[in-house]
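Colleague: Residue numbers (my numbering), protein chains in the order written: chain A, 1 to 237; chain B, 1001 to 1297.
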Amino acid sequence: MTPLLEVRNLTVYYGKTKVLTDVSLHVDEKEIVTIIGANGAGKTTTLRAISGLKSLSSGEAYFRNNKITGLPAYKIVRLGISHVPEGRKILAPLSVMENLELGAYLWKDKKEIAGQLDAIFEHFPILKERRNQTAGSLSGGEQQMLAIGRALLNRPKLIMMDEPSMGLSPIMVGEVGRTIKEINRGGISIILVEQNARMALNLADRAYVLETGKCVLEGTASELHEDERVKNAYLGG
Amino acid sequence: MTPGLLAQLFLNALSLGSVYVLMVLGLDIIIRGTKILNFAHGQFYMLGAYMLFLLFQIMHLDFALSLVLAGLILGLVGAICYMSIFHVVRQRFTVTTTFSYRLLLSAMASVGLMMILQQGTLLLFGTEERGVKTPFPQMIDILDVRISLMRVIVILAAIVICLLLYFLMYKTTLGKILRAISYDPEAVTLAGINTRWILVFCFALGSALAGFAGGIIAPLFSVTPDMGTDVIFLSLLVLLVGGIGSYKGTILGGLLVGLALSFGFQFLGGIAELFVFLLVIAILSFRPGGLLGEAAD
Ligand SMILES: Nc1ncnc2c1ncn2[C@@H]1O[C@H](COP(=O)(O)OP(=O)(O)O)[C@@H](O)[C@H]1O
Ligand SMILES: [Mg+2]
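1. Can alanine 41 of chain A be considered in contact with ligand 1, in the sense that its beta carbon sits closer than 8 Å to one or more heavy atoms?
2. Contact criterion: CB-CB distance below 9 Å. Does serine 222 of chain A meet it with respect to chain B?
3. Could you tell me if glutamine 1043 of chain B is buried or exposed, where buried requires 16 or more neighbouring beta carbons within 10 angstroms of its beta carbon?
4. Between the C-alpha atoms of glycine 87 of chain A and arginine 131 of chain A, what's the straight-line distance to the nearest angstrom?
5. Measuring only from the beta carbon, is leucine 5 of chain A closer than 8 Å to any heavy atom that is part of ligand 1?
6. Between alanine 1210 of chain B and proline 1185 of chain B, what straight-line distance do the alpha-carbon atoms span, to the nearest angstrom?
7. Excluding sequence positions up to five away, which residues of its chain have a Cβ less than 7 Å from the Cβ of leucine 1205 of chain B?
8. Does aspartate 1297 of chain B get closer than 9 Å to chain A when you measure Cβ to Cβ?
9. Using a Cβ-Cβ cut-off of 6 Å (strictly less than) and excluding sequence neighbours within five positions of leucine 1279 of chain B, which residues of its own chain qualify?
10. Comparing C-alpha positions only, which one of A:Leu117, A:Pro85 and A:Pro3 sits nearest to proline 164 of chain A?
11. Just by C-beta distance, which residues in the region 88 to 106 of chain A are closer than 9 Å to chain B?
12. Taking 7 Å as the limit between beta carbons, can you name the residues of its chain near arginine 48 of chain A, skipping five residues before and five after?
13. Under a CB-based cut-off of 9 Å, is aspartate 1230 of chain B close to chain A?
14. Report yes if the CB atom of serine 1066 of chain B is closer than 9 Å to the CB atom of leucine 1047 of chain B, and no otherwise.
15. Output, in chain order, the set of chain B residues within a Cβ distance shorter than 9 Å of proline 85 of chain A.
16. Does the CB of valine 1095 of chain B have a neighbour CB from chain A at under 9 Å?
17. Which of the three DSSP states, helix, strand or coil, is assigned to leucine 106 of chain A?
18. Which chain A residues are close to alanine 1180 of chain B, counting only those with a beta carbon under 7 Å from its beta carbon?
19. So, with DSSP's three-state summary, where would you put lysine 214 of chain A?
20. Tell me which residues share the same chain as leucine 1011 of chain B and place their Cβ nearer than 7 Å to its Cβ, disregarding the 5 neighbours each side in the sequence.
21. Taking 7 Å as the limit between beta carbons, can you name the residues of its chain near isoleucine 1085 of chain B, skipping five residues before and five after?
22. Starting from the beta carbon of glycine 15 of chain A, find every residue of chain B whose beta carbon is closer than 8 Å, and list them in chain order.
23. Along the chain, where does the alpha helix (DSSP H) containing tyrosine 1166 of chain B start, and where does it finish?
24. Say whether chain A places a C-beta atom closer than 9 Å to the C-beta of isoleucine 1031 of chain B.
25. Smallest Cα separation from asparagine 99 of chain A: which of A:Gly42, A:Gln144 and A:Arg78?
26. Could you check if glutamate 228 of chain A is buried or exposed, using at least 16 other CB atoms within 10 Å of its CB as the buried criterion?
27. How should glutamine 1119 of chain B be labelled, buried or exposed, when 16 other C-beta atoms within 10 angstroms of its C-beta is the threshold for buried?
28. Roughly how many whole angstroms lie between the Cα atoms of isoleucine 76 of chain A and leucine 1104 of chain B?
29. To the nearest angstrom, report how far apart isoleucine 125 of chain A and serine 1235 of chain B are at their CA atoms.
30. If distances are taken between C-alpha atoms only, which option among A:Ile68, A:Gly167 and A:Met97 comes closest to valine 7 of chain A?
31. If we count the other Cβ atoms within 10 Å of its Cβ and call it buried at 16 or more, is leucine 152 of chain A buried or exposed?
32. In its own chain, which residues sit with a C-beta less than 8 Å from the C-beta of glutamate 16 of chain A, not counting the 5 before and 5 after it?
33. CB glycine 80 of chain A to CB lysine 157 of chain A, shorter than 9 Å?
34. Checking the sheet assignment: what are the DSSP bridge partners for histidine 83 of chain A?
35. Would you check whether ligand 1 has a heavy atom nearer than 8 Å to the C-beta of alanine 104 of chain A?
36. Between valine 1231 of chain B and the rest of its own chain, which residues show a CB-CB distance below 7 Å, the 5 nearest in sequence each way excluded?
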């Protein structure tokens, strides 16, 4: 079976600085894959390269057997890859509802959108309660939920989340984790980028470890959980 | 001062202010969407006035139709300018191009465009002042006060445009996208939207507003190739006073500058614009972000 997403030898530069060297990874249907690594390792850049926000100098990516490298970002979204960027990029001046509607922009079937909105509101009742407030007035955790809800409304096959736990309280981190599991149970594959390696390895099926732009380790989450190097470097010994 | 003169001055202030409001709403839509400070905006205004001269004065089309056409044509001119100049400039930017450098490069490109449009008009039409006869020469008598119908029409037209813009921005999907793109273009891209056409539309809409403003003022002012230069600087002042990113601020700023100009000309004569600058400096020293802008605390 060919993987849902296959990424081969991504190499990316910022100006003259090489930030990714030959990064390869794949994601199967219904899988949760995590990319862990220290700050500056290149995790965000990897996601941006896949979603078309950052151009590559070499390498290619295939999604459901279609080559996506070189496509503009908005077309990659249309193929079924949603990207929840780092720092929960909600549209602060727009209302919660408008944020969600923008997520559903690609879909014209009003009834289906309404159904999906109901599902999101059921999962995140706070968003329903605050649907007419500006998104900027939400708390950090609520904004993350909104960002995830908006991505779900793209109706993706794969969601890439960039440090969804960043800046959240431990309770909210747990909540985000449960949400990710639930989305995945609905049949959506997930790439989870995290500095919080413990949370990520608990959720994921498989994991990749990035160090200074190179993929240095890969394996099932339980293998990496037991790996001495991972324990020392990312799980606090 | 008689009540008649006072009413006259207010009416002049409101009609002049209305034109600035239209100009500055256009500038604001462009700068927020495309991050371009468009100095050629005044030339779009000037071209709008020439459109009225051609369509209404020479070709005898209906005034309202001429105005709408002037807006549409300038919108098209704006779209073409954006795609052939600003989009090309933009594509030369890389991730390492700083925001200030981006702003400066596109502003310089707009200064070039400003010169081309102005000199082109000069070549085509000469320095001669063109007049556009007013389609509404009637004076209305209210109590003891005589007011010009044309000026009332200018004010009403500006109100209608403001209402239409409000509807566009807050009641339509396109408006939602326009507000979103000015805050975070990447988020719009990630919703599967091709932002390129949205930016073209932003620029076209802003330019159409300038064309419309120039068109509606044509019967009141003389039409010359350099009529856009003064107006752009005053428009930038209004933008600063009102604050970037606030429609209410723009309207307030436009009316304030209209008042200052109208009363300034009456009582100070030629130095009225100096008076406006001083007023603006005073306002900005108390509220550096403008009266109501995004940057205002
Ligand atoms: N916009 C940018 N311009 C220049 N260098 C960048 C930019 N974004 C990231 N980098 C560099 O690329 C490297 C990888 O960054 P990033 O992908 O954000 O890492 P991570 O997400 O793992 O923290 C870092 O060295 C960072 O300094
Ligand atoms: Mg990062």
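Note that CB positions come from ideal geometry on N, CA and C, so glycine has one too.
Modeller: Reading off the structure:
1. The beta carbon of alanine 41 of chain A sits closer than 8 Å to at least one heavy atom of ligand 1.
2. It does not; no Cβ of chain B falls within 9 Å.
3. Counting other Cβ atoms within 10 Å of its Cβ, glutamine 1043 of chain B reaches 16 or more and is therefore classed as buried.
4. Rounded to whole angstroms, glycine 87 of chain A to arginine 131 of chain A spans 21 Å at the Cα level.
5. For ligand 1, not one heavy atom lies less than 8 Å from the Cβ of leucine 5 of chain A.
6. In this model, alanine 1210 of chain B and proline 1185 of chain B are separated by some 24 Å (Cα to Cα).
7. Spatial neighbours of leucine 1205 of chain B in its own chain (CB-CB distance under 7 Å, excluding positions within 5 residues in sequence) are listed in chain order as Ile1029 and Gly1075.
8. Reliability fails at aspartate 1297 of chain B, whose pLDDT of 45 lies under 50, so the model's placement of it is uncertain and the value that follows must be treated cautiously. No, aspartate 1297 of chain B lies away from the interface with chain A (no Cβ there is under 9 Å from its Cβ).
9. Setting aside the 5 residues that flank it on each side, leucine 1279 of chain B is surrounded in the same chain by Ala1260, each with a C-beta closer than 6 Å to its C-beta; the list follows chain order.
10. The shortest Cα separation from proline 164 of chain A among A:Leu117, A:Pro85 and A:Pro3 belongs to A:Pro85.
11. Legend: CB atoms of the region 88 to 106 of chain A lying less than 9 Å from CB atoms of chain B belong to residues Lys89, Ile90, Leu91, Ala92, Pro93, Leu94, Glu98, Asn99, Glu101, Leu102, Gly103, Ala104, Tyr105 and Leu106.
12. Same-chain partners within the cutoff: Lys54.
13. Chain A contact via Cβ: absent.
14. At least 9 Å separates the beta-carbon of serine 1066 of chain B from that of leucine 1047 of chain B.
15. Per Cβ cutoff of 9 Å: Glu1186, Ala1187 and Leu1190.
16. With 9 Å as the cut-off, valine 1095 of chain B counts as an interface residue toward chain A.
17. If DSSP states are grouped into helix, strand and coil, leucine 106 of chain A belongs with coil.
18. Taking the beta carbon of alanine 1180 of chain B as reference, the chain A residues within 7 Å of it are Leu91, Leu94 and Leu102, listed in sequence order.
19. Strand.
20. So the list reads Ile1147 and Arg1151, once near-sequence residues are dropped.
21. These residues qualify, in order along the chain: Ala1109 and Leu1113.
22. Near glycine 15 of chain A (Cβ distances below 8 Å), the residues of chain B are Thr1094, Val1095 and Thr1096.
23. Per DSSP, tyrosine 1166 of chain B belongs to the alpha helix (DSSP H) from 1149 to 1171.
24. Among the CB atoms of chain A, none fall inside 9 Å of the CB of isoleucine 1031 of chain B.
25. The shortest Cα separation from asparagine 99 of chain A among A:Gly42, A:Gln144 and A:Arg78 belongs to A:Gln144.
26. Exposed, since its Cβ has fewer than 16 Cβ neighbours within 10 Å.
27. Glutamine 1119 of chain B should be labelled exposed.
28. Distance between the alpha carbons of isoleucine 76 of chain A and leucine 1104 of chain B: 32 Å.
29. The sequence given here places proline at residue 125 of chain A; isoleucine does not occur at that position. Between the alpha carbons of proline 125 of chain A and serine 1235 of chain B lies a distance of about 46 Å.
30. Per the C-alpha coordinates, the member of A:Ile68, A:Gly167 and A:Met97 positioned closest to valine 7 of chain A is A:Ile68.
31. So leucine 152 of chain A counts as buried.
32. Correcting the residue type first, residue 16 of chain A is lysine in the shown sequence and not glutamate. Result list for lysine 16 of chain A: empty, nothing under 8 Å.
33. The Cβ atoms of glycine 80 of chain A and lysine 157 of chain A sit closer than 9 Å to each other.
34. A:Met160, per the DSSP bridge assignment.
35. Alanine 104 of chain A Cβ: outside cutoff for every heavy atom of ligand 1.
36. Answer for valine 1231 of chain B: Met1023, Gly1042 and Tyr1045, listed in chain order.
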